[in-house]
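Trainee: Keeping their order, the protein sequence lines are chains Z and X.
If you want our numbering, it's the position in the first sequence, counting the first as 1, plus 1108.
If you want our numbering, it's the position in the second sequence, counting the first as 1, plus 1108.
For each residue, glycine too, the CB sits at the ideal point set by N, CA and C.
There are 2 protein chains.
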Amino acid sequence: MKHDTRFSAMLHLLLHMADRNQPITSDELARYMAGNAAAVRRTMAGLRAAGIVRSGKGHGGGWTLGRPLQAISLADVYAALGTPDLFAIGIRNPAPSCLVERAVNASMQETLGEAERLVQARLQSITLASIAAELRARMAKLPLNPKEPHDA
Amino acid sequence: MKHDTRFSAMLHLLLHMADRNQPITSDELARYMAGNAAAVRRTMAGLRAAGIVRSGKGHGGGWTLGRPLQAISLADVYAALGTPDLFAIGIRNPAPSCLVERAVNASMQETLGEAERLVQARLQSITLASIAAELRARMAKLPLNPKEPHDA
DNA sequence: TTTCATGTAACTTTATATGTTACATGATTG
DNA sequence: CAATCATGTAACATATAAAGTTACATGAAA
């Protein structure tokens, strides 16, 4: 089954936007994710509606963050995308009259529901700032590069 | 995103097979799940390879359970289907050179991985016998009622 | 007024489960 | 043995949704 990669892509782009004081155009964002500018605008539209990003037209236009990284949880981003289906598997008939099938549905829904709540709780607890912090920690461990002094 | 309903469908069919001493034909199973006999055979093929079901040709042929309900965990069934993708969402680029994207991937994989382990543990702990037991408990609560037909 | 960039609609492409058709294989029964 | 039944499997069609693509209108900046 084909994956929905919008969530992953948006997180990536948001972090790049945070790294920049200037607005970034859809074209440049599309290059970051090896994708298409129209698709960027289409997907980002939900984030704009949620106040996560802002967009500007014309010269000097493009996309900027709508609020600081620590005020954007992964759950915010996920919800802004319309809360896409989390699972690739699902029940075949949601309202069967067959009691056997109802029992199967109940069992699956219990398990998947619990997993979904776990994911939701995790997404709420992680902000873009957390990921940025982890990113900085990783970069500190890399071999010397011109920008950073050596560390432990 | 379209759901993969094979897991749900197979659980349903397996429980019906347990209710019957006789083999059930693909045609009848297809009616249970409002589906197609060839699709039943195709999907059930994996379960047969795993020893969960047996099939017989010709007169009196059809599908029977390969072992008792308590010896079939939901994880067995899931694995027999080829361990289909659990999540509808995924990372856009599994091996990016961009460090930002790597950090995003790591974060998502951590969360989804944990949820997947939870689901896997649950599926291992639930057997078809557990579901059948819950089903019997539900039926005991119903008003007395002669047999009901199945729906489509 | 020219240029740049978004906003959005419409269409195409792609991937995958599922539906469908067809026929070979093999088992049972008369 | 021959007819019938049911699976085994291949091949192709369909449906759906993300993602790619194209086109053009809108609006802002220089």
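Please list, in chain order, the chain Z residues whose beta carbon lies closer than 9 Å to that of X/MET1216.
Mentor: Ordered by position in chain Z, the residues that pass the 9 Å Cβ test against X/MET1216 are PHE1115, SER1116, LEU1119 and LEU1182.
Trainee: Quick check: Z/GLY1190 and Z/GLY1154, are their CB atoms within less than 8 Å of each other?
Mentor: Cβ distance < 8 Å, so Z/GLY1190 and Z/GLY1154 count as in contact.
Trainee: Would you mind working out which of X/ASP1127, X/THR1113 and X/PHE1115 sits nearest X/ALA1240, comparing C-alpha positions?
Mentor: Of X/ASP1127, X/THR1113 and X/PHE1115, the residue nearest in Cα terms is X/ASP1127.
Trainee: Can you check the segment 1163-1212 of chain Z for any alpha helix (DSSP H) of at least 4 residues that lies completely inside it and give the ranges in chain order?
Mentor: Listed in chain order, the complete alpha helix (DSSP H) runs (minimum 4 residues) inside the segment 1163-1212 of chain Z are 1182-1188.
Trainee: My guess is that Z/GLN1228 and Z/SER1181 are in contact by the Cβ rule of under 8 Å, so how many angstroms apart are they, rounded?
Mentor: Not a contact, Cβ separation roughly 11 Å.
Trainee: Consult DSSP for Z/ASP1127 and reduce its assignment to one of helix, strand or coil.
Mentor: Reduced to three states, the DSSP call for Z/ASP1127 is coil.
Trainee: Please report the straight-line C-alpha distance between X/ALA1237 and X/LEU1121, rounded to a whole angstrom.
Mentor: So the two alpha carbons sit approximately 14 Å from each other.
Trainee: Could you say which of X/ARG1244, X/TYR1186 and X/ALA1203 lies nearest to X/LEU1194 if we only look at CA atoms?
Mentor: Here the closest residue by C-alpha is X/TYR1186.
Trainee: Have a look at X/ARG1150 and Z/ARG1150 and give me their C-alpha separation to the nearest angstrom.
Mentor: Their Cα atoms are separated by approximately 38 Å.
Trainee: Measure the C-alpha to C-alpha separation of X/ARG1230 and Z/THR1219 and round it to an integer number of angstroms.
Mentor: Roughly 7 Å between the two C-alpha positions.
Trainee: Measure from the alpha carbon of Z/ALA1179 to the alpha carbon of each residue in Z/THR1235, Z/ILE1132, Z/ASP1112 and Z/ARG1156, then state which is nearest.
Mentor: Looking at the Cα atoms, Z/THR1235 is the closest of the given residues.
Trainee: Within a Cβ cutoff of 7 Å, which residues of the same chain sit near X/LEU1177, ignoring the five residues on either side of it in sequence?
Mentor: Excluding positions up to five away in sequence, the list reads ALA1126, THR1235, LEU1236, ALA1237 and ALA1240.
Trainee: Name the DSSP bridge partner or partners of X/ILE1132?
Mentor: X/ILE1132 is bridged to X/TRP1171.
Trainee: Since X/ARG1150 meets chain Z, which of its residues come closer than 7 Å, beta carbon to beta carbon?
Mentor: Those within 7 Å of X/ARG1150 in chain Z number zero; the least Cβ separation is about 15 Å.
Trainee: Inspect the beta-carbon positions of Z/ILE1197 and X/ASP1184 and report whether they are closer than 8 Å.
Mentor: Contact: no.
Trainee: By the three-class DSSP mapping on this structure, what secondary structure does X/THR1113 have?
Mentor: The answer is coil: DSSP assigns X/THR1113 none of H, G, I, E or B.
Trainee: Output needed for Z/PRO1204: all residues of its chain with C-beta closer than 8 Å, excluding positions within five of it in sequence on either side, in chain order.
Mentor: Result list for Z/PRO1204: ARG1210 and ASN1213, in chain order.
Trainee: Using C-beta distances below 6 Å, list every residue in its chain close to Z/ALA1245, excluding the 5 sequence neighbours before and after it, in chain order.
Mentor: None.
Trainee: Check this for me: beta carbons of X/GLY1170 and X/ILE1132, under 8 Å apart or not?
Mentor: In this structure, X/ILE1132 lies closer than 8 Å to X/GLY1170 by Cβ.
Trainee: Relative to chain X, which residues along the segment 1235-1249 of chain Z have a C-beta separation below 7 Å, given in chain order?
Mentor: The residues in question are ILE1239, GLU1242, LEU1243, ARG1246 and MET1247.
Trainee: Can you list the residues of chain X that Z/GLU1136 reaches, using a CB-CB cut of under 7 Å?
Mentor: Correct list: empty, because the minimum Cβ distance to chain X is about 13 Å.
Trainee: Using the Cα positions of X/ILE1199 and X/ALA1223, report the straight-line distance between them to the nearest angstrom.
Mentor: Using only the alpha carbons, I get a separation of about 15 Å.
Trainee: By the criterion of Cβ-Cβ separation under 9 Å, what are the contact partners of Z/LEU1226 in chain X?
Mentor: Neighbours of Z/LEU1226 on chain X, chain order: THR1219, GLU1222, ALA1223 and LEU1226.
Trainee: Determine the burial state of X/HIS1167: buried for a count of at least 16 other Cβ atoms within 10 Å of its Cβ, exposed for fewer.
Mentor: Burial call: exposed.
Trainee: With 8 Å as the threshold, decide whether the Cβ of Z/LEU1200 is near any Cβ in chain X.
Mentor: The amino acid occupying residue 1200 of chain Z in the given sequence is Arg; Leu does not appear at that position. With 8 Å as the cut-off, Z/ARG1200 counts as an interface residue toward chain X.
Trainee: Just to confirm the assignment, what range does the alpha helix (DSSP H) spanning Z/THR1151 have?
Mentor: It spans 1145-1157 - the alpha helix (DSSP H) in which Z/THR1151 sits, taken as one unbroken run.
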